[in-house]
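First residue of the sequence shown: 45, per the numbering used here; consecutive thereafter.
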Amino acid sequence: MALATYSDLKSTVANYLARSDLTAQISDFIALAELRLQRDLRLHQMLKVATTTTTGGDPTIALPSDFLEMREMHIAANPIQTLTYEAPTNFYQNWRASESGVPKFYTVLASEFQFAPIPDTNYTVQMLYYARPQALSESNSSNVFLANTPDALLYAALGEAEPYLMNDARLQTWAAMYERALASITQADQGIEYGGQSMMMRVG
Numbered sequence: 045m046a047l048a049t050y051s052d053l054k055s056t057v058a059n060y061l062a063r064s065d066l067t068a069q070i071s072d073f074i075a076l077a078e079l080r081l082q083r084d085l086r087l088h089q090m091l092k093v094a095t096t097t098t099t100g101g102d103p104t105i106a107l108p109s110d111f112l113e114m115r116e117m118h119i120a121a122n123p124i125q126t127l128t129y130e131a132p133t134n135f136y137q138n139w140r141a142s143e144s145g146v147p148k149f150y151t152v153l154a155s156e157f158q159f160a161p162i163p164d165t166n167y168t169v170q171m172l173y174y175a176r177p178q179a180l181s182e183s184n185s186s187n188v189f190l191a192n193t194p195d196a197l198l199y200a201a202l203g204e205a206e207p208y209l210m211n212d213a214r215l216q217t218w219a220a221m222y223e224r225a226l227a228s229i230t231q232a233d234q235g236i237e238y239g240g241q242s243m244m245m246r247v248g
């Protein structure tokens with residue numbers, strides 16, 4: 045079984061379902077599976093670095109178009125100023141939200157980041173965030189999910205297919221295999237990221 049390309053994946057889904065008449069629907073099943081993985085998985089291969097610039101007097105900057113979740117954000121200055129996330133409710137209770145100066149905090153509002161204090165000049169902001177992989181299509185034959193988690197993507201697509209086929213008996217099977225793959229993938233990814241680090245004590 046080859047799962048290197050979008051075409052491979054569609055063929056494999058058709059084979060597992062033992063159906064040759066679902067060409068259009070299988071594309072939908074895969075698209076829904078990708079949406080599920082976007083919500084459930086955070087892999088180091090999904091991390092992306094982006095740099096933008098604040099404008100003095102403007103407390104907001106736009107989220108990247110492929111933004112899923114922030115990992116780390118800082119002001120690229122000397123020394124680096126790490127920004128602390130606050131939930132919107134706490135953010136607006138922070139008395140510094142109406143101040144002007146070097147940003148220390150941020151929150152997410154709709155499609156924007158908002159900073160406190162309000163930037164008093166232009167600052168370079170660097171962020172490390174989890175990015176939404178480009179969706180699979182005829183013109184995009186692979187992506188992060190297919191290259192690194194083909195089993196989870198397959199089981200998720202099969203799980204999306206069974207309600208359409210009114211075959212509820214198979215839902216539990218694909219759900220269990222999807223969850224097992226997800227747990228294994230997450231554990232392996234954490235091992236890659238943290239496995240080589242030795243424990244250290246930090247003295248304040």
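By construction, the Cβ of each residue, glycine as well, lies at the ideal position given by its N, Cα and C atoms.
Quiz item: Would DSSP call R115 helix, strand or coil?
Solution: Position 71 of the sequence shown holds residue 115. Of the three classes helix, strand and coil, the one that applies to R115 here is strand, per DSSP.
Quiz item: Expressed to the nearest angstrom, what Euclidean distance is found between the alpha-carbon atoms of E237 and T96?
Solution: In the sequence shown, counting from the first residue as 1, residue 237 sits at position 193. In the sequence shown, counting from the first residue as 1, residue 96 sits at position 52. Rounded to whole angstroms, E237 to T96 spans 26 Å at the Cα level.
Quiz item: Which term fits W218, buried or exposed, when burial requires 16 or more other beta carbons within 10 angstroms of its beta carbon?
Solution: Locating residue 218 in the sequence shown gives position 174, counting from the first residue. Under this definition W218 is a buried residue.
Practice problem: Determine which residues share a DSSP beta bridge with P163 and list them. | Solution: The residue given as residue 163 occupies position 119 in the sequence shown. Partner(s): G145.
Quiz item: Do L112 and Y174 have their C-beta atoms within less than 8 Å of each other?
Solution: Locating residue 112 in the sequence shown gives position 68, counting from the first residue. Locating residue 174 in the sequence shown gives position 130, counting from the first residue. Cβ distance < 8 Å, so L112 and Y174 count as in contact.
Quiz item: Per the contact definition of three or more C-beta pairs closer than 8 Å, is the region 66-83 in contact with the region 156-163?
Solution: no
Practice problem: Name the one or two DSSP bridge partners that D181 has. | Solution: The residue you call residue 181 lines up with position 137 of the sequence shown. Note on residue identity: the sequence assigns Ser, not Asp, to residue 181. S181 pairs with N184.
Quiz item: If we call anything under 8 Å between Cβ atoms a contact, is A205 one with L61?
Solution: Taking the sequence shown and counting its residues from 1, the one referred to as residue 205 is at position 161. Taking the sequence shown and counting its residues from 1, the one referred to as residue 61 is at position 17. Yes, the pair counts as a contact, with Cβ atoms nearer than the cut-off.
Quiz item: Under a Cβ-count criterion, where at least 16 other Cβ atoms within 10 Å of its own Cβ denotes burial, should I124 be classed as buried or exposed?
Solution: Mapped onto the sequence shown, residue 124 falls at position 80. It counts as exposed.
Quiz item: Leaving out five residues before and five after Y50 in sequence, what residues of the same chain have Cβ atoms less than 6 Å from its Cβ?
Solution: The residue labelled residue 50 in the question sits at position 6 within the sequence shown. Cβ neighbours of Y50 beyond the five flanking positions: L180, S185.
Quiz item: What's the gap between the Cα of L202 and the Cα of L47?
Solution: In the sequence shown, counting from the first residue as 1, residue 202 sits at position 158. In the sequence shown, counting from the first residue as 1, residue 47 sits at position 3. About 14 Å.
Practice problem: Starting from the Cα of T165, find the closest Cα among T98, L226, L198, E182 and give me that residue. | Solution: The sequence position of residue 165 within the sequence shown is 121, counting from 1. Ranking the options by Cα distance to T165, first place goes to T98.
Quiz item: Taking the alpha-carbon positions, what's the M245 to Q170 distance?
Solution: Along the sequence shown, one-based indexing puts residue 245 at 201. Along the sequence shown, one-based indexing puts residue 170 at 126. Residue confidence for M245 is low, a pLDDT of 48 falling below 50, so the modelled location carries little weight and cannot support an answer.
Quiz prompt | Cβ contact (3+ pairs, closer than 8 Å) linking the region 151-158 and the region 100-109 | solution = yes
Quiz item: A120 and T168 look like a contact to me (Cβ under 8 Å); what is the Cβ gap, rounded to whole Å?
Solution: As a first step, residue 120 is located in the sequence shown; it is residue number 76 there, counting from the start. As a first step, residue 168 is located in the sequence shown; it is residue number 124 there, counting from the start. Indeed, because the Cβ distance is near 4 Å, the residues count as touching under 8 Å.
Practice problem: Hey, could you find the ends of the beta strand (DSSP E) I74 is sitting in? | Solution: For the purposes of this step, residue 74 is taken as residue 30 along the sequence shown, with counting starting at 1. No beta strand (DSSP E) contains I74, which is instead part of the alpha helix (DSSP H) from 67-84.
Quiz item: When the Cα atoms are used, what is the spatial distance from K54 to Q69?
Solution: The sequence position of residue 54 within the sequence shown is 10, counting from 1. The sequence position of residue 69 within the sequence shown is 25, counting from 1. Cα to Cα, the separation comes out at about 10 Å.
Exercise. Could you tell me the distance, in whole angstroms, from the CA atom of Y199 to the CA atom of Y222?
Key: By one-based count along the sequence shown, residue 199 stands at place 155. By one-based count along the sequence shown, residue 222 stands at place 178. Using only the alpha carbons, I get a separation of about 5 Å.
Quiz prompt | Distance between L172 and Y136 (C-alpha atoms, nearest Å) | solution = Locating residue 136 in the sequence shown gives position 92, where the first residue counts as 1. Locating residue 172 in the sequence shown gives position 128, where the first residue counts as 1. So the two alpha carbons sit approximately 24 Å from each other.
Quiz item: At what residues does the beta strand (DSSP E) containing L91 begin and finish?
Solution: Numbered from its first residue, the sequence shown carries residue 91 at position 47. First-last of the beta strand (DSSP E) with L91: 91-97.
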